[in-house]
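Scroll down for the structure; my scribbles are underneath it.
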Amino acid sequence: MSTDGSTDKTGAAASIQRLFRNTGVAVSGALSRRDGRVVLGVFGLAYFLLYVAGLRHLGFGPSGYEVSVVSNPLTRAFRQVGPFQWEPVALVVVGPVELLVAPLNMLLGAILAALVGVNLAVSVVAWRGPAACRLGPGVGAVSGLPGLLSGFACCGPTILLVVGVQASAGLLSLFQWLLPLTVVALLGTLLWVGSRVETVRQGP
0 MSTDGSTDKT
10 GAAASIQRLF
20 RNTGVAVSGA
30 LSRRDGRVVL
40 GVFGLAYFLL
50 YVAGLRHLGF
60 GPSGYEVSVV
70 SNPLTRAFRQ
80 VGPFQWEPVA
90 LVVVGPVELL
100 VAPLNMLLGA
110 ILAALVGVNL
120 AVSVVAWRGP
130 AACRLGPGVG
140 AVSGLPGLLS
150 GFACCGPTIL
160 LVVGVQASAG
170 LLSLFQWLLP
180 LTVVALLGTL
190 LWVGSRVETV
200 RQGP
């Protein structure tokens, strides 16, 4: 009986395992540095705030202090109001800042923010000190572009809001449906960087 098929599957599984392991090496190497952690924190938080603001769940109003919760918040937290959008269940007002709390929207925003932040952290560290991620010279400059483009793709509704473009409901819905593709693009960028990790450190 031929074993070529099983050999190919074993080889493919080993390659995938090595790819994920190398991606982990690149991410841990980037986050082991202060500049990588700063990029993750600053850009991750900035993106999260922009994402929530893009949903119009974060804004400014009359100054005051208030916390109000809807009836049956647990049930209504899972009620969809659009593609990848869920109903807010609470309003928090602190000074002039108003926040509509939609737990699933905030969770999704946090996941996207983490992916954007990690992509940019790996890209910046790979550019400034490629040895930290066990990457060859020049990889950081190339890998930074897809990370930035993916991050900007996530912020489509926010960009329209910032520039004052009146977007139709259909256009905003299109941006929401692009979210799964954005997640795939961000993960793909990290895996692309992982494929460039040197498995053996070079000697001094």
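Heads up, the sequence shown is in numbering that gives the first Met the number 0, so the first residue is 0 and it goes up one at a time.
Glycine included, C-beta positions come from ideal geometry on N, C-alpha and C.
Query, Result
"Sufficient close CB pairs (3 or more, under 8 Å) joining the stretch 98-105 to the stretch 50-61", "yes"
"Unbroken alpha helix (DSSP H) run spanning P179, endpoints", "178-193"
"CA-to-CA distance, Y46 to G60, given in whole angstroms", "22 Å"
"8 Å Cβ cutoff met for G28 and V115", "no"
"Collapsed DSSP secondary structure at A89 in the structure displayed", "strand"
"F77 and G193 closer than 8 Å at C-beta", "no"
"Whole-Å CB distance - V124 paired with R32, under 8 Å assumed", "6 Å"
"Separation of F83 from L177, as counted between CA atoms", "10 Å"
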